[in-house]
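So the sequence shown is numbered by this note's numbering: it starts at 10 and just counts up by one. Glycine included, every Cβ here is placed at the ideal spot set by N, Cα and C.
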Amino acid sequence: MTKLFGLIGYPLTHSFSKNYFTQKFQREGISDCVYELFPLEQIELFPDLIAAHSNLAGLNVTIPYKEKVLPYLTELSDAVKEIGACNCIKVQNDKLTAYNTDVTGFENS
């Protein structure tokens with residue numbers, strides 16, 4: 010089964026993520042993964058998104074939902090607990106785990 014990854018936020022017209030990840034998957038010979046944009050006008054639609062995609066493996070999170078998505082998640086990493094925001098969600102075994110890689114990215118840039 011193809012693994013689905015994507016980006017949630019609104020609006021997403023500014024996002025380069027789909028092209029970036031599609032090209033990355035192709036370059037690295039990853040043929041069982043796709044990346045889509047999921048422009049959610051309201052965070053309350055998040056559970057419907059999860060329910061509609063049984064092959065969903067992970068999501069990136071952008072504005073305005075980095076904080077608003079937290080109540081919908083099963084587990085929060087220590088960084089998310091400390092910062093109060095997430096930018097990555099791992100979907101595995103009906104569990105939604107929040108991570109924040111922004112701090113690491115800023116520290117290493």
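{"Item": "Whose CA, out of L79, F47 and E53, lies closest to the CA of H62?", "Value": "F47"}
{"Item": "If you draw a straight line from the alpha carbon of M10 to that of A94, how long is it in whole angstroms?", "Value": "31 angstroms"}
{"Item": "Spatial neighbours of K155 within its chain, please: C-beta separation below 7 angstroms, excluding the five flanking residues on both sides.", "Value": "The shown model of the chain, from 10 to 118, leaves out residue 155, and the question about it has no answer."}
{"Item": "Using a Cβ-Cβ cut-off of 7 angstroms (strictly less than) and excluding sequence neighbours within five positions of A66, which residues of its own chain qualify?", "Value": "K12, L13, F14 and V100"}
{"Item": "Assuming Y81 contacts F55 under a Cβ cut-off of 8 angstroms, what Cβ separation, rounded to an integer in Å, is found between them?", "Value": "5 angstroms"}
{"Item": "Residue range of the alpha helix (DSSP H) that A66 falls in?", "Value": "Looking at the DSSP string, A66 is not in any alpha helix (DSSP H); the run it does join, the beta strand (DSSP E), is L65 to V70."}
{"Item": "Our contact map puts T83 next to C97 with C-beta atoms below 8 angstroms; I'd like the distance itself, whole angstroms only.", "Value": "Rounded, the Cβ-Cβ distance is 14 angstroms, inconsistent with contact."}
{"Item": "Taking the DSSP output, what are the residues bridged to Q35?", "Value": "Looking at the DSSP assignment, Q35 forms no beta bridge with any residue, so it has no partner."}
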